[in-house]
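As structure tokens, the structure follows; a few thoughts come after it.
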Amino acid sequence: MLSDNRKLKSINLSENDFSDAAAKCLAEALKNDFVVKELDLSYNCICDAGGEDLGVMLENIGIEVLNLSWNHFLIRGNAALIAGLKVNATLKQLQLSNSGFGRPEVQLMAEVLQQNDTLVLLDLSINCVDDEAVRLLCQGLATNETLEVLKLSRNPITKIGAATLLRTVKNNMKSALEEIDISSVLVCETFVELLEETRVTRPALRFQYYILPSVTKNLLALGIFKKFFEEQNKSIMDFFQALDKEETMKVSTSAFRKAVKVRLTEANIPLDQQQLGWLVRKFDKNCTATIVYSQLTELS
Numbered sequence: 007m008l009s010d011n012r013k014l015k016s017i018n019l020s021e022n023d024f025s026d027a028a029a030k031c032l033a034e035a036l037k038n039d040f041v042v043k044e045l046d047l048s049y050n051c052i053c054d055a056g057g058e059d060l061g062v063m064l065e066n067i068g069i070e071v072l073n074l075s076w077n078h079f080l081i082r083g084n085a086a087l088i089a090g091l092k093v094n095a096t097l098k099q100l101q102l103s104n105s106g107f108g109r110p111e112v113q114l115m116a117e118v119l120q121q122n123d124t125l126v127l128l129d130l131s132i133n134c135v136d137d138e139a140v141r142l143l144c145q146g147l148a149t150n151e152t153l154e155v156l157k158l159s160r161n162p163i164t165k166i167g168a169a170t171l172l173r174t175v176k177n178n179m180k181s182a183l184e185e186i187d188i189s190s191v192l193v194c195e196t197f198v199e200l201l202e203e204t205r206v207t208r209p210a211l212r213f214q215y216y217i218l219p220s221v222t223k224n225l226l227a228l229g230i231f232k233k234f235f236e237e238q239n240k241s242i243m244d245f246f247q248a249l250d251k252e253e254t255m256k257v258s259t260s261a262f263r264k265a266v267k268v269r270l271t272e273a274n275i276p277l278d279q280q281q282l283g284w285l286v287r288k289f290d291k292n293c294t295a296t297i298v299y300s301q302l303t304e305l306s
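Here the sequence shown stands for residues 7 to 306, numbered as in the working numbering.
What follows is the structure, given as structure tokens:
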């Protein structure tokens with residue numbers, strides 16, 4: 007039937023316990039088919055041999071959406087799939103969730119992303135993508151201009167990998183990325199601040215991430231602090247200058263803490279000790295026990 011296909015555009019064969027033999031038959035049937043646009047082979051039992059056949063299929067097919075999630079590929083099968091993707095000029099969406107992707111596979115995928123100009127969605131969730139793998143992937147993302155959606159949830163990525171990813175997207179002015187899912191990654195205040203900075207020039211960028219309530223609380227601290235002085239027609243800069251009796255453009259963190267605590271008591275500023283500690287760390291990033299307030303862009 008597929009050898010003489012003129013109408014069938016979408017094939018869903020998920021959850022059929024397909025083996026390598028079935029994948030081989032399907033790959034042969036679809037070779038040189040430019041009618042089928044969507045193929046779903048997720049939740050099957052396809053291993054490396056089947057992955058190699060599907061990789062060859064990708065070289066000679068007009069498919070646009072391919073879902074191979076939840077199969078049993080290892081590096082040989084994944085490498086063959088990526089090799090097929092490298093020469094494919096039609097695929098727009100590739101889903102490889104829970105497909106055994108680790109550093110070697112990600113490095114190969116990064117090479118594809120450097121030259122690919124058709125892929126708009128890549129799903130690598132539930133794999134073995136760690137911070138180093140993210141760094142490798144970013145080598146491709148640094149120059150890619152077409153990928154719009156990247157899914158990396160439920161991988162062993164930490165806040166370090168999250169920051170690497172965000173900086174790469176921020177620095178690639180031609181990046182088309184609009185949605186990045188790292189919803190299982192616990193991020194810190196620095197990441198959220200960098201994301202807000204990035205959104206100034208990339209307002210459509212959406213990151214899904216996990217954040218603790220305490221981090222959200224800390225992020226409110228600077229706004230609360232600024233608002234207090236604005237209501238008195240003053241600024242935080244005025245506050246620092248009042249503390250800096252010798253006009254050195256810097257104050258000690260102990261003097262800052264003491265002065266803020268007095269304000270907390272006198273004016274009932276809604277800041278707690280946790281938020282105060284975070285403000286100190288924010289203003290004294292190098293932990294020198296000194297705040298050089300003339301260098302703080304947050305005060306402008």
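Just so you know, even glycine gets a beta-carbon here, dropped at the ideal spot from N, CA and C. Please read all numbers here as calculations on a predicted model, not as lab measurements.
Excluding residues up to 5 positions away in sequence, Glu151 and Thr152 lie with their Cβ nearer than 8 Å to the Cβ of Asp123 in the same chain. Between Thr149 and Gln120, the C-beta gap is smaller than 7 Å, which places the two residues in contact.
Under the DSSP definition of a beta bridge, Arg212 partners with Glu185. For Ser258, the secondary structure class from DSSP, reduced to helix, strand or coil, is strand. Looking at Leu128, Cys134, Asn178 and Thr207, the one whose alpha-carbon comes closest to that of Asp187 is Leu128. Secondary structure at Leu102: coil, using DSSP grouped into helix, strand and coil. Along the segment 28 to 93, the beta strand (DSSP E) occurs as fully enclosed runs of 3 or more residues at 44 to 46 and 71 to 73, listed in sequence order.
Ranked by Cα distance from Thr296, the options Glu203, Val198, Ala273 and Ala261 are led by Ala261. DSSP places Leu14 in the coil class of the three-state scheme, outside both helix and strand. DSSP places Val155 in the uninterrupted beta strand (DSSP E) bounded by Val155 to Lys157. In terms of Cβ geometry, Glu154 and Ala116 do not form a close pair [threshold 7 Å]. With a cutoff of 7 Å on beta-carbon distance, Leu80 and Gly61 are scored as not near each other.
The segment 42 to 58 makes contact with the segment 14 to 23: 3 or more CB pairs, one atom from each, lie closer than 8 Å.
Contact between the segment 274 to 289 and the segment 214 to 234 is present, with at least three C-beta pairs closer than 8 Å.
Residue Thr204 holds the alpha-carbon nearest to the alpha-carbon of Glu184 among Val257, Asp39 and Thr204. For Asp129, the enclosing beta strand (DSSP E) stretches over residues Leu127 to Asp129. Per the C-alpha coordinates, the member of Glu65, Val198 and Val191 positioned closest to Val140 is Val191. DSSP, reduced to helix, strand and coil, places Leu192 within a strand of the structure shown.
Only buried fits Leu172, as 16 or more other CB atoms lie within 10 angstroms of its CB. A distance of 7 Å or more separates the beta carbons of Lys43 and Lys13.
Around Val266, the same chain offers Leu282 as residues with beta carbons nearer than 7 Å, after the five sequence neighbours per side are excluded. Using a Cβ distance threshold of 7 Å, Leu158 and Leu130 count as a contacting pair. If you ignore the 5 residues before and after Leu102, its C-beta comes within less than 7 Å of the C-beta of Leu74, Ser75, Asp129 and Leu130, all in its own chain and listed in chain order. DSSP places Arg109 in the uninterrupted alpha helix (DSSP H) bounded by Arg109 to Gln121.
Taking a C-beta distance under 7 Å as the contact criterion, Leu143 and Val112 qualify as a contact pair. Contiguous alpha helix (DSSP H) elements confined to the segment 231 to 283 occur at 242 to 249 and 259 to 273, taking only those with 4 or more residues.
In the same chain as Arg160, and ignoring 5 residues on each side of it, the C-beta atoms closer than 7 Å to its own belong to Ser131, Ile132 and Ser190, in chain order. If you check the CB distance, Leu277 and Ala227 come in under 7 Å.
Using a 10 angstroms sphere on the CB of Leu218, the tally of other CB atoms stays under 16, which defines it as exposed.
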